[in-house]
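Residue numbers (this note's numbering): 352 to 896.
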Amino acid sequence: MSEPVKSNQSKTMSKFSLLTLATTLTLSVSASQKPNIILIMADDMGFSDIGCYGGEVQTPNLDKLAGHGVRFKQFYNAARCCPTRASLMTGLYPHQTGIGHMTNTPNNPTQHNYGLPGYQGYLNKECVTIAEMLKLSGYQTFMTGKWHLGYHGKEKWPLQRGFDQFYGILSGASNYFKPEAPRGLSLGNESVKPEGEYYTTDAFTDYAIRFIGESTPDKPYFLYLSYTAPHWPLHALQEDIDKYRGKYLNGWTEIRKARLAKMKAIGLLEKDVDLSDQAGPDWDSLSEEQKKEMDLRMAIYAAQIDRMDQNIGRLVEFLETRGDLENTIIFFLSDNGACAEGGMLGGGKAEDLESQRGFLLSYGEAWANVSNTPFKRYKHWVHEGGISTPLIVHWPNGISKDRQGQWIEEYGFLPDIFASIKAVAHADYPRSYQGIQLPDLIGKSIFSAISNNKPIHDGPIFWEHEGNKAVRLGSFKLVSAWDNTNHENWELYDLETDPAELDDLASQQPGKVSQMKKMWGEWAKNHRVEDWENVRQLERDQNRR
């Protein structure tokens, strides 16, 4: 492998260099062969941020993929970075993989390992990753970006979990301009340093293009491109920030209303859907200085998404030039709902926004409420605002012309991605791997819904994270948010008529509550889910050692 790419924003791969690279390679596999598969994940991005889901952020490349592919109105993640990645990569519930809560941190190899099978803090051996499965079916497997499935011990790293090539970060977040140890970069199994004018989003794409460009032409490939954008810290390139600065001075209430109107206009939401309660103080109660700060925080966040979209455009252009695009499936989704971490008005010092020196710079709960329009709650919670993600699927050879540009009404969740990839790749899911018996896959292929509107799930699907619990069965969703006084505060919603979870039906339909609560309890018992208060006590004991 050659030396690390020097990332210099979008100039890194010019059109000329893409064409030059493409002409030196044999064109991609034909439509009669297995498709290439690209799985792109955004980090901490809300449901309504991108243009084709109602946002004002400029995302022409994602919008184009949606226009020539399909968009899901309802698709679910697991509410948090690493549980989502565990479920996505394995087709199982997070607790089955050992990541029911979080992964070990760079500075502490035992943090979040509570001595429980479902809470060990890294991906266990009782599962296979998409990459491990696809390698058995002749795929080349590449990953760039954020891993976040195990840090201490190289046996937990991507190359040891099925990937042929890896470039990115092992931890959950890093400085965008200068990622350094212990939150630094790895190429394969070795640490590397950023060089030149560097920005992680650009570099992750550079390496994605390089890995594909150096791949064996007559073999299909799988690429997992896991961006850290727009996860904090708020770090973006000035040219991108300048596009948005000043555009948010009318405040979160007006932006949220505008997004809701657009979501209705594009057919994502029905005309009678209302907004959940507003988060944040009245915009006019802020000082002029505060308004400028809040505008800048949101402008940087928007710039991070904008830059990600530019890079997705670079990748798509490369695929098209190489001749791969027609027979490549591209999935795009986000790992959880928008992030309210850092307080109502954001984390980090205001003076660090201009210099972008701070690490814990975030945009705060008030703006996260906008990102999750029209839903309530955020990352961590399993109300719709915490688990709803855009899902775009683009595959010219596999999605009929009459379906392209359509909304998919049927709902699905993370394990369905694994099942869908298994189906289209004609891959076998092993009953055992490296001598260890594997559990049955949880998900179902989404392509029946894409091709002919068939429901994906006829049974319940479940969530648990930090004591937040939910089960969905048909249009009904039973959900509970953890608090320190009442752990059985179950709410019941009919999402067909109330997608923003505004009308709690629990008192009107106690039988439905009882039925679905029992389902959740049986699922938890059989999938390594522990009582959250007990897990919290183990964490407190661990921190006192």
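In this text, a Cβ means the ideal position worked out from N, Cα and C, and glycines have one as well.
Beta-carbon to beta-carbon, L792 and P811 are separated by about 16 Å, too far to satisfy the 8 Å threshold.
I681 is the residue among Y427, I681, G501 whose C-alpha sits nearest the C-alpha of K415. By the criterion of a C-beta distance shorter than 7 Å, T556 is surrounded in its chain by N662, R665, L666, once the five residues flanking it on both sides are discounted.
DSSP places D591 in the helix class (H, G or I) of the three-state scheme.
Nearest C-alpha to E735 among E621, E873, V830, T435: V830. Residue burial is scored here from C-beta neighbours: E506 has fewer than 16 other C-beta atoms within 10 angstroms and is therefore classed as exposed. Between the C-alpha atoms of A776 and P386 there is a straight-line separation of about 7 Å. For the options N455, G523, H452, P806, the alpha carbon positioned closest to that of F426 is the one of P806. If you keep only unbroken alpha helix (DSSP H) runs of at least 4 residues inside the stretch 603-635, you get 603-616. Only residues of its own chain outside the window of five on either side were considered, and among them T441, L443, T448 have a CB closer than 6 Å to the CB of C478, listed in chain order. Contact annotation: A437 and N687 have beta-carbon atoms that are not nearer than 8 Å. Rounded to the nearest angstrom, the gap between the Cα atoms of K773 and P766 is 11 Å. Under the 10 Å beta carbon count, T435 is surrounded by 16 or more other beta carbons and is classified as buried. With fewer than 16 other Cβ atoms from the protein chains shown falling within 10 Å of its own Cβ, I787 counts as exposed. One alpha carbon belongs to Y780, the other to E565, and they sit about 28 Å apart.
About 15 Å separates the beta carbon of P581 from that of G709, a gap too long to meet the 8 Å contact definition. Unbroken alpha helix (DSSP H) runs of no fewer than 4 residues, entirely contained in the stretch 431-516, are found at 432-441, 481-486, following chain order. Going by C-alpha positions, W883 is about 44 Å away from E546.
For A875, the number of other beta carbons within 10 angstroms of its own is at least 16, and it is reported as buried. The DSSP-derived three-state label of A393 is strand. The stretch 461-475 and the stretch 754-769 do not touch, with fewer than 3 CB-CB distances between them shorter than 8 Å. Contact between G715 and M695 holds: their C-beta atoms lie close to 6 Å from each other, under 8 Å. In this structure, A857 places its C-beta atom within 8 Å of the C-beta atom of W841.
Per the Cβ contact rule, the stretch 528-539 is not in contact with the stretch 480-488 (fewer than 3 Cβ pairs under 8 Å). Its chain contains A430, N687, G688, R728, Y729, K730, H731 as the residues whose beta carbon lies nearer than 7 Å to that of G737, once the 5 sequence neighbours on both sides are disregarded; these appear in chain order. A691 sits away from Y578, with the two beta carbons spaced by 8 Å or more.
Counting along the chain, F562 sits inside the alpha helix (DSSP H) bounded by residues 551-564. For R658, the enclosing alpha helix (DSSP H) covers residues 639-673. Segment contact: the stretch 597-606 against the stretch 453-460, fewer than three CB-CB distances shorter than 8 Å; contact not assigned. Straight-line spacing of the CA atoms in K869 and K820 works out to 12 Å. The stretch 405-423 makes contact with the stretch 607-624: 3 or more CB pairs, one atom from each, lie closer than 8 Å.
An exposed status is given to S802, since fewer than 16 other beta-carbon atoms sit within 10 Å of its beta-carbon. For the set S799, A701, Y527, Q641, the Cα lying nearest the Cα of P632 is the one of Q641. Inclusion of A701 and E644 in the CB contact set at 8 Å is warranted, their separation being smaller than that value. Rounded to the nearest whole angstrom, the CA to CA distance from E590 to D646 is 16 Å. The Cβ atoms of D623 and L853 lie no closer than 8 Å to each other.
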